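Below, the structure written as structure tokens:
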């Protein structure tokens, strides 16, 4: 599952969430997208989605970062991130 509309060469070098990903792993993936580091594009929607999934898997840090990030995002983007998280959970 691609997280954003980026060229396949960029996406293929980044870790993708799996059903086995831990809260800490999902949190670290979210950090990549929230900062645009590690080859990840700066993508707040994907970062929020990953922080949301990480929080659901017990990451306290992800809850804090998700809250902070949502304050920087348009409400439509937060809604899209939540939709993507629900879709990922349904189809993982």
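Residue numbers (this note's numbering): 1389 to 1480. Idealized CB from N, CA, C, for every residue including glycine. Here the structure is a predicted model, which means the values were calculated and not measured.
Provide the residue span of the alpha helix (DSSP H) that contains residue i, from first to last.
i: residue 1418; result: 1411-1423
i: residue 1441; result: 1432-1444
i: residue 1447; result: Taken as a continuous stretch (DSSP letters only), residue 1447 belongs to no alpha helix (DSSP H), as it is neither H nor E.
i: residue 1477; result: 1463-1479
Below 8 Å between beta carbons: does that hold for residue i and residue j?
i: residue 1430; j: residue 1414; result: no
i: residue 1460; j: residue 1433; result: no
i: residue 1476; j: residue 1420; result: no
i: residue 1436; j: residue 1402; result: no
i: residue 1446; j: residue 1418; result: no
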